[in-house]
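A.B. asks:
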Amino acid sequence: MLLAREFVAYISRQLVKRLTPGTIETSAPDAVAEKIAVVITEELEVEDRLNDEVRDLLSQYSEYMRREGVSYQEMFRKIKNTLVQQRKVIRAAGRDTGDAMKLSRDKVTDISHKLVEMLRKSRELRLKHKDTNTVRLEIVRAMTELLVAEEKVDRTARQKIRSQKREIPEGTEEWDLLHKRYYSEELKKLGIDLAK
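Numbering (our numbering), first residue to last: 156 to 351.
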């Protein structure tokens, strides 16, 4: 998934905190945060499932691609782009669309629409605004702020790994462990403790 589950949970808690009491009223903020996390997670998993489907398709043609000298990455990109267009999937990765965050602006907007719809139907809260677009824009603003901060943290963690005396290839277990440690340290500097 594009964002760590812990960070999705953090975003969800922050959204509830920022929307209460001005935009929503709730006696069960933890339940609302959990519902928000479910919506965000489901939206991010759409592209994960699509990637898995493309990998499955390509595994069936691996021998052909090897024989013909076709690049796996190039075929992956072509097939994924075709499926994205056919299924009208909104790309989650901001880097694919040129955004400065992990999530694309289009995906943040799409998630905000789905969150407002869920909040409107939820029995755990009451929306204080009749204009749901005001609520949606507040969600977009809060999510964008959190995602920009997260992107800076990720960039700093990656820079720390690159500054090691020896090169540590991305994707290795060592790289993943170091990234997780540095990422967590940088988030704590911003006052974000994923454990909370």
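Ideal placement from N, C-alpha and C gives every residue a C-beta, glycine not left out.
Name the residue from LYS283, ILE245 and LYS257 whose alpha carbon lies nearest to the alpha carbon of LYS269.
C.D. replies: That would be ILE245, whose Cα lies nearest to the Cα of LYS269.
A.B. asks: Kindly give me the distance between the Cβ atoms of LYS257 and GLU208, rounded to whole angstroms, as I take these residues to be in contact under 8 Å.
C.D. replies: Contact flag wrong, Cβ pair sits at about 22 Å.
A.B. asks: Looking only at its chain, what residues have a beta carbon closer than 8 Å to the beta carbon of TYR219, apart from the 5 residues adjacent to it on each side?
C.D. replies: Answer for TYR219: VAL225, listed in chain order.
A.B. asks: Quick one: complete alpha helix (DSSP H) runs, 4+ long, within the stretch 256 to 314?
C.D. replies: Whole alpha helix (DSSP H) segments, 4+ residues: 260 to 276.
A.B. asks: Grab me the residues of VAL194's own chain with a C-beta within less than 8 Å of its C-beta, minus the 5 sequence neighbours each way, in chain order.
C.D. replies: ILE266, LYS269, LEU270 and MET273, listed in sequence order.
A.B. asks: Which residues bound the alpha helix (DSSP H) around GLU202?
C.D. replies: 184 to 215 is the span of the alpha helix (DSSP H), which, as asked, contains GLU202.
A.B. asks: Using 8 Å as the threshold, is the stretch 290 to 308 in touch with the stretch 318 to 334, meaning 3 or more CB pairs across them?
C.D. replies: No contact exists between the stretch 290 to 308 and the stretch 318 to 334.
A.B. asks: Tell me whether LEU345 is buried or exposed, calling it buried when 16 or more other Cβ atoms sit within 10 Å of its Cβ.
C.D. replies: Exposed, because fewer than 16 other Cβ atoms sit within 10 Å of the Cβ of LEU345.
A.B. asks: Could you check if GLU122 is buried or exposed, using at least 16 other CB atoms within 10 Å of its CB as the buried criterion?
C.D. replies: Within the shown structure, residues of the chain are numbered from 156 to 351, placing residue 122 beyond reach of any answer.
A.B. asks: Is DSSP giving ALA248 helix, strand or coil here?
C.D. replies: Strand at ALA248.
A.B. asks: Counting along the chain, where does the alpha helix (DSSP H) carrying THR181 start and finish?
C.D. replies: It is not in any alpha helix (DSSP H) - THR181 instead sits in the beta strand (DSSP E) that spans 179 to 181.
A.B. asks: Report the rounded CA-to-CA distance for TYR211 versus SER182, giving the unit in angstroms.
C.D. replies: The sequence shown places Asp at residue 211, not Tyr. Going from the Cα of ASP211 to the Cα of SER182 covers about 45 Å.
A.B. asks: Are the Cβ atoms of ILE166 and LEU302 separated by less than 9 Å?
C.D. replies: It is a contact, given that the beta carbons lie within the stated cut-off.
A.B. asks: Put THR237 into one of helix, strand or coil per three-state DSSP.
C.D. replies: THR237 falls in the helix class under three-state DSSP.
A.B. asks: Does the distance from the C-beta atom of LYS262 to that of GLU200 stay below 9 Å?
C.D. replies: Taking 9 Å as the Cβ cut-off, LYS262 and GLU200 do not qualify as a contacting pair.
A.B. asks: Taking DSSP as the reference, what is the three-state secondary structure of ASP331?
C.D. replies: DSSP places ASP331 in helix when its eight states are reduced to three.
A.B. asks: What are the start and end residues of the alpha helix (DSSP H) that includes LYS172?
C.D. replies: Counting along the chain, the alpha helix (DSSP H) containing LYS172 begins and ends at 160 to 174.
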